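Below is one structure; the comments refer to it alone.
What follows is the structure in structure tokens.
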């Protein structure tokens, strides 16, 4: 899913004039692209949470009220527990993604993606991290010998 979202969130600045086939979508394309990908997942998970008719706290209160909870049949009790656990997982997913954004220095307020402006720059040392297709040992040897790398 991340690979698809990275492709869908790419901008002309992210491609830096390279064909889409040249990118390794299993890796981060650019900081702004990764921020957009994670933000879209967070938005989707929050949207899913908003579709539930009750909150996690309301479900927990219902489970804690033993006299009322015992009025439900077994399947209804299991359904309430399952719904509460789904909400917990979704909330933890949002928290983990927000933590990942923060750990990568991709604060939503600090990183503006208006128009996809990444300036097309990759910081020195980040080439492997930002999805540029890596060269093979053979390609590096050919370059060192002054021979053309693209043998097509």
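Numbering (the working numbering), first residue to last: 536 to 687. Glycine included, each C-beta is placed from N, C-alpha and C at the ideal position. This structure is a prediction, so every number in the text was calculated from the model and none was measured.
* Asked: Tell me which same chain residues have a C-beta within less than 7 Å of the C-beta of residue 561, skipping the five on either side of it?
  -> 538
* **6 Å Cβ shell around residue 580 - same chain, five flanking residues per side excluded** => 625, 628 and 629
* Give the single residue among 586, 678, 545 and 540 whose Cα lies nearest to the Cα of residue 621. => 586
* To do: May I have the straight-line CA-CA distance separating residue 618 from residue 552, to the nearest angstrom?
  => Spanning the two alpha carbons is a distance of roughly 47 Å.
* Residues near residue 595 in its chain [Cβ-Cβ closer than 7 Å; skip 5 each side] -> 619
* Asked: Exposed or buried, residue 631, counting other C-beta atoms within 10 Å across all chains shown (16 or more means buried)?
  -> exposed
* Would you decide whether residue 623 is buried or exposed? Buried here means 16 or more other CB atoms lie within 10 Å of its CB. => exposed
* Asked: In this structure, does DSSP put residue 607 in helix, strand or coil?
  -> coil
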